[in-house]
Amino acid sequence: MSGKLIDGTAIGKEIRLEIKDRVSNLLDNGCKPGLAVVLVGDNQASRTYVKNKQKSSVEVGMKSELIELPSTVSEEELLGHISKLNKDNSINGILVQLPLPKHIDENKVISAIDPEKDVDVFHPVNVGKMIIGQQAFLSCTPYGIIKLLERTGTEIKGKHAVIVGRSNIVGKPMGQLLLQRDATVTYCHSKTENLASYTQDADILIVAIGKTKFIDAEHIKEGAVVIDVGMNRDENGKLCGDVDFTSVKEKAAAITPVPGGVGPMTITMLLKNTLHSAEKAYE
Ligand code: GUN
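Heads up: the sequence shown at position 273 corresponds to 273 in full-length UniProt numbering, and the numbers run straight through without jumps.
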């Protein structure tokens with residue numbers, strides 16, 4: 001079997017058009033949703049991510065504000081900026097790009113963001129609410145993956161979803177969102193013994209382990225849907241995921257490419273959360 005490609009670029013674009021329409025309704029009523037991005041230091045990858053987030057927010061008609069701070073900024077000063085943004089009525093979403101310099105306590109900074117504006121869904125209150133199904137926002141990458149599954153007609157209810165990776169940003173919330181949609185969920189990670197015995201039973205396999213070509217055709221059940229969250233460089237410097245795309249696509253029913261799979265969905269869901277926050281603030 002040769003697997004169908006799950007086109008995150010196209011699906012992301014479709015959802016961003018829907019977001020743009022709703023932003024347009026708010027603009028007609030004199031309300032402009034605003035996303036503030038805080039960038040500390042000069043990490044090149046962070047700079048690129050932030051630029052893409054800003055560009056995408058402007059494209060759907062939102063206000064974009066960048067707070068750029070040197071890597072030497074004190075924790076106190078950074079917290080001061082967050083406090084200001086919390087009180088700023090023109091800002092509906094606040095995002096502090098991670099990682100932060102070592103002298104700054106990331107947990108303290110995340111906890112300082114008003115949960116109503118925490119569109120990244122990193123604040124412990126929002127993570128807790130999401131897990132008990134009381135959420136205002138859903139974690140961006142897992143929410144994006146749910147949209148990919150839904151929009152490609154993948155049945156989730158009753159299916160066995162196996163997640164490889166247990167990060168706070170992807171693996172853990174991913175399992176919860178699938179559980180809420182009635183999947184049976186198994187978590188695997190770097191210390192799991194006999195990994196293939198779990199992945200070979202997956203109807204839906206989600207891989208977020210951060211290791212190039214960690215999953216190959218031997219790990220896959222014929223007809224599985226495979227979602228690759230990895231973003232790595234291969235030996236030739238080419239972008240690649242955690243899944244050996246060439247061999248796995250022959251066995252899978254559907255698979256996301258890297259790039260062009262999960263990546264475009266993460267920013268899209270960030271915009272969706274910002275829109276949601278603005279609609280709530282202006283209702
Ligand atoms: N660093 C890597 N991924 C992310 C993300 O999704 N949000 C933020 N704020 N920082 C990140």
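Beta carbons are placed, not taken as given, at the ideal position from N, Cα and C, and that holds for glycine.
Following a CB-centred definition, is residue i positioned closer than 7 angstroms to any heavy atom of ligand 1?
{"i": "Ile-169", "result": "yes"}
{"i": "Thr-268", "result": "no"}
{"i": "Cys-188", "result": "no"}
{"i": "Val-258", "result": "no"}
{"i": "Val-96", "result": "yes"}
{"i": "Asp-182", "result": "no"}
{"i": "Asp-118", "result": "no"}
{"i": "Cys-240", "result": "no"}
{"i": "Cys-140", "result": "yes"}
Output the boundary residues of the beta strand (DSSP E) element that contains residue i.
{"i": "Glu-65", "result": "63 to 69"}
What residue range is occupied by the uninterrupted alpha helix (DSSP H) comprising residue i?
{"i": "Val-225", "result": "Val-225 -> not in any alpha helix (DSSP H); beta strand (DSSP E) instead, spanning 225 to 228."}
{"i": "Glu-14", "result": "8 to 28"}
{"i": "Thr-274", "result": "263 to 282"}
{"i": "residue 284", "result": "It is not possible to answer for residue 284, since the shown part of the chain is limited to 1 through 283."}
{"i": "Lys-108", "result": "106 to 112"}
Which residue or residues does DSSP assign as beta-bridge partners of residue i?
{"i": "Ile-255", "result": "Leu-5, Val-226"}
{"i": "Val-243", "result": "Ile-215"}
{"i": "Asn-232", "result": "Cys-240"}
Would you say residue i faces chain D, with C-beta separation under 8 angstroms as the test?
{"i": "Pro-264", "result": "In summary, chain D is missing from the structure at hand, where a single protein chain is found."}
* Note down, one range per segment and in chain order, each alpha helix (DSSP H) of at least 4 residues found wholly within the stretch 148 to 207. => Fully contained in the stretch 148 to 207 are the following alpha helix (DSSP H) runs of length 4 or more, in chain order: 171 to 180, 195 to 199.
* In chain order, which continuous runs of the alpha helix (DSSP H) of length 4 or greater are located wholly inside the stretch 30 to 102? -> List check, alpha helix (DSSP H) in window: 44 to 59, 75 to 87.
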